[in-house]
Amino acid sequence: MNILVIRFRQMGDAILSTVVLNTLRRTFPDATIDFVLNANLCALFEGHPSIDHLIPFSYDERHSVWCYLRKVWQTVRRGRYDAIIDLRSTPNTLPFVLFSPRSRFRVGLRKRHRIGLYNHTVMPCRADQNIIDHNLSFLRPLEEVAPIRYDSTFSLHITDEEHARYRAYLRAEGIDLQRPILLAGVTAKLLSKTWDEDRMTAVLRRMTQTWPDMQFIFNYAPGQEEAAARHIYERLGSPRNVFIDVQARSQRELVALCSAVTMYFGNEGGARHVAHACGKPSFVVFAPNVSKAKWLPRNDVPAEGVTALELGATPDMPCAEAYGYITVEAVWQRLRPFVELLGCEGVRVLG
Numbered sequence: 003m004n005i006l007v008i009r010f011r012q013m014g015d016a017i018l019s020t021v022v023l024n025t026l027r028r029t030f031p032d033a034t035i036d037f038v039l040n041a042n043l044c045a046l047f048e049g050h051p052s053i054d055h056l057i058p059f060s061y062d063e064r065h066s067v068w069c070y071l072r073k074v075w076q077t078v079r080r081g082r083y084d085a086i087i088d089l090r091s092t093p094n095t096l097p098f099v100l101f102s103p104r105s106r107f108r109v110g111l112r113k114r115h116r117i118g119l120y121n122h123t124v125m126p127c128r129a130d131q132n133i134i135d136h137n138l139s140f141l142r143p144l145e146e147v148a149p150i151r152y153d154s155t156f157s158l159h160i161t162d163e164e165h166a167r168y169r170a171y172l173r174a175e176g177i178d179l180q181r182p183i184l185l186a187g188v189t190a191k192l193l194s195k196t197w198d199e200d201r202m203t204a205v206l207r208r209m210t211q212t213w214p215d216m217q218f219i220f221n222y223a224p225g226q227e228e229a230a231a232r233h234i235y236e237r238l239g240s241p242r243n244v245f246i247d248v249q250a251r252s253q254r255e256l257v258a259l260c261s262a263v264t265m266y267f268g269n270e271g272g273a274r275h276v277a278h279a280c281g282k283p284s285f286v287v288f289a290p291n292v293s294k295a296k297w298l299p300r301n302d303v304p305a306e307g308v309t310a311l312e313l314g315a316t317p318d319m320p321c322a323e324a325y326g327y328i329t330v331e332a333v334w335q336r337l338r339p340f341v342e343l344l345g346c347e348g349v350r351v352l353g
């Protein structure tokens with residue numbers, strides 16, 4: 003069986019789609035599974051056991067109509083797919099099913115202008131529906147040919163050598179791998195997805211004081227994010243157990259970093275999805291316009307978060323006003339028991 007899974011978009015969306023890939027591999031172990039994605043994310047999925055071939059599309063390819071259509075046509079002609087799972091289901095991805103009318107399963111989102119192109123459709127994800135469950139629902143039509151062995155685990159893989167090399171780097175930076183390590187997402191790419199700096203700093207200060215044996219690594223992107231992260235570090239008084247200069251210089255190094263930490267805390271974003279894919283617990287502060295029910299993973303890896311809507315904000319509030327409902331106390335009252343329930347070995351609690 004030849005299967006094509008399509009998931010253009012950003013890092014988090016692509017990582018969450020691995021539940022589909024893993025389920026397909028469990029159900030059809032001898033199938034050829036190909037994965038279409040943005041070229042800038044390819045390194046993250048190299049060597050993934052549930053993927054046979056990565057089919058990357060560069061920015062230029064996706065924005066040149068004839069180049070894009072030619073590559074799509076070549077892809078489906080070469081692959082001769084029995085099933086096309088279009089998780090994106092936009093006008094840009096329609097050519098995959100348009101050029102492959104003989105595919106037995108052409109699965110996409112149910113939208114009015116796409117009737118007839120997909121022979122199996124899935125309702126769009128509701129705000130109260132978890133994204134993992136929604137992604138897996140694309141595979142229900144395949145129950146016609148086999149009992150589907152659903153797997154809600156999303157995953158990333160790097161080599162033992164990559165793990166060892168990065169752990170050696172962490173030790174050289176002064177990280178004690180025998181003590182708990184927290185990866186802190188103190189910033190975000192978009193201001194609308196970034197919790198107030200004063201409140202983030204206050205919670206981090208409580209964390210460093212309450213768990214003095216825990217080590218904190220700040221995660222950030224170059225530029226504005228780095229400047230904001232360093233400012234928070236300075237406001238904390240540059241504590242010795244906070245590491246501001248530990249870097250993940252590639253996507254695969256980010257996987258290695260997340261594999262080495264104990265848990266993730268901070269703003270919702272790609273790094274949190276990487277950490278969860280590495281089996282690490284996470285506690286996130288959701289942006290007001292993001293549904294916690296939809297985006298908080300529900301599988302075997304502990305995950306919790308806080309959102310303005312559950313604290314009294316309303317959907318029609320401006321983002322800045324809604325963020326005001328996420329206070330230091332609201333986060334701390336949920337974060338502290340979450341961390342202590344994990345039973346991080348070696349964490350000495352003060353206060």
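Residue numbering for the sequence shown follows our numbering, starting at 3 and increasing by one per position.
All residues carry an ideal CB built from backbone N, CA and C; glycine is no exception.
Residue from the options with nearest C-alpha to residue i
i, options, result
"Lys-282", "Val-341, Arg-232, His-233, Ala-229", "Val-341"
"Pro-241", "Phe-47, Ile-328, Pro-214, Ala-41", "Pro-214"
"Asn-94", "His-233, Pro-317, Val-74", "Val-74"
"Val-7", "Arg-28, Met-13, Asp-36", "Asp-36"
"Thr-20", "Pro-224, Leu-179, Phe-156, Phe-267", "Phe-156"
"Val-257", "Ala-279, Arg-237, Val-244", "Ala-279"
"Ile-134", "Ser-105, Ser-154, Val-147", "Ser-154"
"Ala-129", "Val-205, Gly-307, Val-292, Phe-47", "Val-292"
"Leu-138", "Leu-23, Glu-312, Val-287", "Leu-23"
"Asp-162", "Gly-272, Arg-254, Phe-30", "Arg-254"
"Gly-110", "Asp-32, Leu-96, Ala-174, Met-265", "Leu-96"
"Pro-224", "Thr-189, Glu-199, Asn-243", "Thr-189"
"Phe-30", "Pro-51, Met-13, Asn-42", "Pro-51"
"Arg-237", "Thr-210, Thr-25, Val-67, Ile-5", "Thr-210"
"Asn-121", "Leu-100, Ser-60, Ala-204", "Leu-100"
"Arg-106", "Trp-297, Ile-5, Glu-312", "Ile-5"
"Asp-84", "Ser-102, Glu-323, Thr-264", "Ser-102"
"Leu-184", "Asp-32, Leu-298, Val-248", "Val-248"
Span of the alpha helix (DSSP H) around residue i
i, result
"Thr-196", "Run containing Thr-196: none; DSSP gives neither H nor E here."
"Glu-228", "226–237"
"Leu-138", "133–139"
"Ala-148", "No alpha helix (DSSP H) holds Ala-148; DSSP gives it neither H nor E."
"Ala-190", "Run containing Ala-190: none; DSSP gives neither H nor E here."
"Gly-272", "272–279"
"Ala-129", "Ala-129 -> no alpha helix (DSSP H), and no H or E assigned at all."
Three-state secondary structure (DSSP) of residue i
i, result
"Phe-98", "helix"
"Met-216", "coil"
"Ile-57", "strand"
"Ala-174", "helix"
"Ser-284", "strand"
"Met-3", "coil"
"Leu-158", "coil"
"Met-265", "strand"
"Leu-343", "helix"
"Asp-36", "strand"
"Ala-85", "strand"
"Gly-314", "coil"
"Ala-258", "helix"
"Pro-31", "coil"
"Met-319", "coil"
"Gln-249", "coil"
"Asn-301", "coil"
"Glu-48", "coil"
"Thr-208", "What sits at residue 208 in the sequence shown is Arg, not Thr. Three-state DSSP puts Arg-208 in a helix."
"Val-292", "coil"
"Arg-104", "coil"
"Tyr-325", "helix"
"Leu-179", "coil"
For residue i, the first and last residue of its enclosing beta strand (DSSP E)
i, result
"His-122", "122–124"
"Arg-108", "107–111"
Cβ-Cβ separation, residue j to residue i (assumed contact under 8 Å), whole Å
i, j, result
"Ile-177", "Gln-217", "6 Å"
"Leu-39", "Arg-64", "Going by Cβ atoms, the distance from Leu-39 to Arg-64 rounds to 11 Å, so no, they are not a contact pair."
"Phe-18", "His-275", "With the sequence shown as reference, residue 18 is identified as Leu, and Phe is not the correct amino acid for it. Correct: roughly 7 Å between the Cβ atoms."
"Ile-53", "Thr-77", "Actually they are not in contact, since the Cβ atoms of Ile-53 and Thr-77 sit about 15 Å apart, beyond 8 Å."
"Asn-132", "Arg-251", "Going by Cβ atoms, the distance from Asn-132 to Arg-251 rounds to 33 Å, so no, they are not a contact pair."
"Tyr-168", "Ala-262", "7 Å"
"Ala-186", "Asn-221", "7 Å"
"Ala-289", "Glu-270", "7 Å"
"Leu-337", "Pro-304", "Not quite, the Cβ-Cβ distance comes to about 12 Å (not below 8 Å), so this is no contact."
Residues bridged to residue i [DSSP beta-bridge criterion]
i, result
"Val-244", "Phe-218"
"Gly-307", "Val-286"
"Leu-185", "Ile-219, Tyr-266"
"Ile-17", "Ile-17 is not bridged to any residue."
"Ile-8", "Val-38, Asp-88"
Closer than 8 Å to chain B by CB, residue i
i, result
"Thr-316", "Absent from the structure is chain B; it holds one protein chain and no more."
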